[in-house]
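**Q**
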Amino acid sequence: MTSLPPIEIDELLSFLVDLLKIPSPTGFAEQAVAFTEDALRSIPGLQCTRTRKGALVVEWPGEQDDSPRAITAHVDTLGAMVKEIKSNGRLKLTKIGSYAWNTVEGESCTVFTRRGDALRGSLLLTKASGHVYGSKVNDLKRDDDHMEVRLDVRTQNAEQTRAAGVEVGDFVAFDPRVEVVNGFVRSRHLDDKAGVACLVAAVKALTAAGLRPAQKTYLHFSNYEEVGHGAASGIPADVRELVAVDMAAVGKGQASDEFHATLCVKDSGGPYHHDLSRRLLDLADTYNIAYKVDIYPYYGSDAEAYWRAGGDVAIALIGPGVDASHNYERTHTDALRATTEWVMAYLLS
């Protein structure tokens with residue numbers, strides 16, 4: 114078989130946009146997990162379960178079951194939590210995940226309180242006004258001590274903020290600002306909701322064509338990837354190999370771009386499994402999938418997390434090229450299509 118079933122790109126994009134709009138910082142990703150589960154539960158032959166950690170595991174029977182596989186993508190994103198309610202009523206944050214404060218400076222956000230309220234606000238410098246602080250706006254270091262959330266409630270002290278329902282430990286989600294234009298998707302948190310969308314689209318395309326994977330396959334949607342241990346648990350014990358579907362980082366010195374899928378052969382944790390990576394490249398050549406090969410010095414994946422947890426399997430990593438990773442990100446439908454095709458080719462091989 115040298116052709117793949119057609120992909121419903123409009124459906125892929127619709128799912129992706131809706132998923133991007135669901136706040137899901139690590140530790141607060143239940144709604145995103147449930148949304149993904151709803152998209153898959155109605156497909157005949159799939160069996161959905163949850164791990165005690167809250168990840169979604171979907172079992173998909175294959176033509177054979179002598180060498181089961183798993184594919185993982187993560188729904189959790191960067192975000193923050195309330196570290197301190199300041200004397201002026203504003204909020205000091207602690208980061209969830211790895212990013213720089215300047216990448217979210219000025220962004221709108223939502224604070225989720227324990228009593229169920231969703232309070233709006235903005236992340237600002239402590240000295241944000243150029244008319245008041247002059248050059249200090251440029252000079253002030255963007256760090257934990259100089260960033261604060263200005264809530265859109267009437268508060269000028271800590272007591273008023275607490276009366277509004279805010280407490281230390283509340284989750285904070287930054288607005289994605291998702292937009293689809295001229296084939297591009299730009300939004301925060303394409304890492305890794307773009308990968309999740311590609312995986313769901315691949316399953317739907319294959320089942321619509323009456324196909325199922327060559328081997329029994331587990332689809333693992335993790336909820337703690339951004340803090341390093343998402344797929345450290347939850348991968349079934351009979352799995353022989355694991356492919357992570359996550360974003361490919363675009364920038365100077367990188368081979369990746371926004372229009373191709375990419376195979377990562379090495380990142381901050383070292384090289385991936387050579388034989389599995391080579392098989393994926395052979396599949397991409399067979400099916401004429403548009404791909405790049407790249408290495409990322411400041412990157413880790415859920416597949417790698419499974420290795421570190423003792424997983425004795427071959428691992429590999431593919432994903433769509435994403436510009437400005439861990440910032441205001443952007444990819445293109447060409448990369449989403451190519452990644453979805455690569456997933457299908459792997460499932461059928």
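Heads up: the sequence shown at position 301 corresponds to 414 in the working numbering, and the numbers run straight through without jumps.
For each residue, glycine too, the CB sits at the ideal point set by N, CA and C.
Starting from T330, trace the beta strand (DSSP E) in both directions and tell me its first and last residue.
**A** Per DSSP, T330 belongs to the beta strand (DSSP E) from 328-335.
**Q** Quick check on N336: buried or exposed, where buried means 16 or more other Cβ atoms within 10 Å of its Cβ?
**A** Label assigned to N336: buried.
**Q** Within this structure, are the beta carbons of A357 and S369 separated by less than 8 Å?
**A** Contact: no.
**Q** Compute the distance between the beta-carbons of L303 and E442, then report whether it is under 8 Å.
**A** Contact flag set, yes.
**Q** Which residues share a DSSP beta bridge with D189?
**A** Beta-bridge pairing links D189 to no other residue.
**Q** Contact between the stretch 403-412 and the stretch 342-358: three or more CB pairs below 8 Å?
**A** Result no; under three Cβ-Cβ pairs closer than 8 Å.
**Q** Quick one: what does DSSP say Q273 is sitting in, helix, strand or coil?
**A** The answer is helix: DSSP assigns Q273 an H, G or I state.
**Q** From C108 to E150, what distance separates their C-alpha atoms?
**A** No answer is possible for residue 108: it lies beyond the span of the chain, which begins at 114 and ends at 462.
**Q** When burial is assigned at 16 or more other CB atoms within 10 Å of the CB, is T139 buried or exposed?
**A** Buried, since its Cβ has 16 or more Cβ neighbours within 10 Å.
**Q** Taking buried to mean at least 16 other C-beta atoms within 10 Å of its own C-beta, is K166 buried or exposed?
**A** K166 comes out exposed.
**Q** Helix, strand or coil for E121 per DSSP?
**A** It is coil, neither helix nor strand.
**Q** Under 8 Å between the Cβ atoms of L253 and H259?
**A** Yes, they are a contact pair.
**Q** Is the beta carbon of V309 less than 8 Å from the beta carbon of V130?
**A** No.
**Q** Given that a residue counts as buried once 16 or more other Cβ atoms are within 10 Å of its Cβ, and exposed if not, what is D447?
**A** Result: buried.
**Q** Here's a check: name, in chain order, each residue in its chain whose Cβ is nearer than 8 Å to the Cβ of T223, leaving out the five neighbours to either side.
**A** Contacts found: P136, A231, L232, R233, G234, V285, A286, D288.
**Q** Check whether the stretch 362-381 and the stretch 428-438 touch, using three or more Cβ-Cβ pairs below 8 Å as the test.
**A** Yes, since at least three Cβ pairs between the stretch 362-381 and the stretch 428-438 fall closer than 8 Å, the two stretches touch.
**Q** Got a sec, what are the start and stop residues for the alpha helix (DSSP H) V426 sits in?
**A** Run containing V426: none; DSSP gives neither H nor E here.
**Q** If you check the beta carbons only, do L206 and V262 fall under 8 Å apart?
**A** It is a contact, given that the beta carbons lie within the stated cut-off.
**Q** State the DSSP-derived secondary structure class of H373, mapped to helix, strand or coil.
**A** It is coil, neither helix nor strand.
**Q** Going by CA-CA distance only, name the one from Q177, V298, E124, Y331 that's closest to A152.
**A** When each option's Cα is compared against that of A152, the closest is E124.
**Q** Below 8 Å on the Cβ atoms is my contact criterion, and I expect A429 with L389 to pass it. Report the Cβ-Cβ distance as a whole number of Å.
**A** The Cβ separation is near 4 Å, so the contact holds.
**Q** Between D380 and G413, what straight-line distance do the alpha-carbon atoms span, to the nearest angstrom?
**A** Distance between the alpha carbons of D380 and G413 is about 6 Å.
**Q** Thinking V188 and E280 are a contact (beta carbons under 8 Å), I'd like their distance in whole angstroms, please.
**A** No, V188 and E280 are not in contact; Cβ-Cβ is about 25 Å, not under 8 Å.
**Q** Of the choices S300, E197, P326, G219, whose alpha-carbon is the least far from that of A271?
**A** Checked all of S300, E197, P326, G219; the closest Cα to A271 is E197.
**Q** Using beta-carbon positions only, say whether V266 and L236 come within less than 8 Å of one another.
**A** Result no, Cβ atoms of V266 and L236 do not sit closer than 8 Å.
**Q** Are E469 and A318 closer than 8 Å when you measure CB to CB?
**A** For the chain, the structure presents residues 114 to 462; residue 469 sits outside this window and is missing.
**Q** Based on Cα-Cα distance, which residue from S200, T452, V316, A307 lies nearest to A403?
**A** The candidate whose alpha carbon is nearest that of A403 is T452.
**Q** Give me the Cα-Cα distance between A168 and H333, rounded to the nearest whole angstrom.
**A** Looking at the two C-alpha atoms, the distance is approximately 7 Å.
**Q** Is the shortest distance between the beta-carbon of D288 and the beta-carbons of chain D less than 8 Å?
**A** Annotation note: the requested chain D is absent from the structure, which comprises a single protein chain.
**Q** Let me know the secondary structure DSSP gives T139 once reduced to three states.
**A** Residue state, collapsed to three classes: coil.
**Q** Return the CA-CA distance between V316 and M457, expressed in angstroms with no decimal places.
**A** The alpha-carbon atoms of V316 and M457 are separated by roughly 8 Å.
**Q** Where does H439 fall in DSSP's three states?
**A** Residue state, collapsed to three classes: coil.
**Q** Out of curiosity, what's the CA-to-CA distance linking S300 and A327?
**A** Rounded to the nearest angstrom, the two C-alpha atoms are 35 Å apart.
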